[in-house]
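Read in order, the letters of the sequence shown correspond to residues 1 to 88 in UniProt numbering.
Every residue, glycine too, gets a C-beta built ideally from N, C-alpha and C.
These numbers were taken from a predicted model, which means no experiment stands behind them.
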Amino acid sequence: MTQLPVESIRDVRAHLAEVVERADRDDQPTVITRRGKEVAAVVSIDVLRKYQQWEEREINRIIDERMANRSPGVPIEDVMRETLARGE
């Protein structure tokens with residue numbers, strides 16, 4: 001896996017335009033740290049939309065699986081929780 005650029009919040013504040021340009025130009029996320037801990041990332045809108053599409057497909061796939069193999073008493077909340085847990 002390629003090493004992602006990592007910058008502190010302080011560096012991002014000082015170079016925000018560069019961080020946004022890199023995300024837009026290279027589709028390369030920049031991981032943002034606070035006190036050495038990864039807390040966020042700057043990604044292009046295209047990367048975000050691809051992730052959202054993938055997430056929606058996964059939710060629909062799990063719902064379809066559950067609907068095809070109905071087991072009594074499986075609340076949709078459990079399906080959503082399972083889906084979100086898989087994405088972490």
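Smallest Cα separation from residue i: which of the options?
i	options	result
S8	R35, I59, M67	R35
P29	D11, E77, R10, L4	L4
Which residue marks the beginning of the beta strand (DSSP E) containing residue i, and which one marks its end?
i	result
V6	6-8
R57	Careful: R57 lies outside any beta strand (DSSP E), inside the alpha helix (DSSP H) at 45-68.
R34	30-34
Measure the C-alpha to C-alpha separation of residue i and residue j and round it to an integer number of angstroms.
i	j	result
R13	D64	44 angstroms
A68	A23	40 angstroms
Under 7 angstroms: does the beta carbon of residue i sit that close to some heavy atom of the ligand MN?
i	result
A41	As for the ligand MN, it is missing from this structure, which has no ligand bound.
Just to confirm, is the Cβ distance from residue i to residue j under 8 angstroms?
i	j	result
D26	D46	no
Starting from residue i, follow the alpha helix (DSSP H) in both directions and report where the run begins and ends.
i	result
R81	76-86
Within the same chain, show all residues whose beta-carbon is closer than 7 angstroms to that of residue i, passing over the 5 residues directly before and after it, in chain order.
i	result
E38	V31
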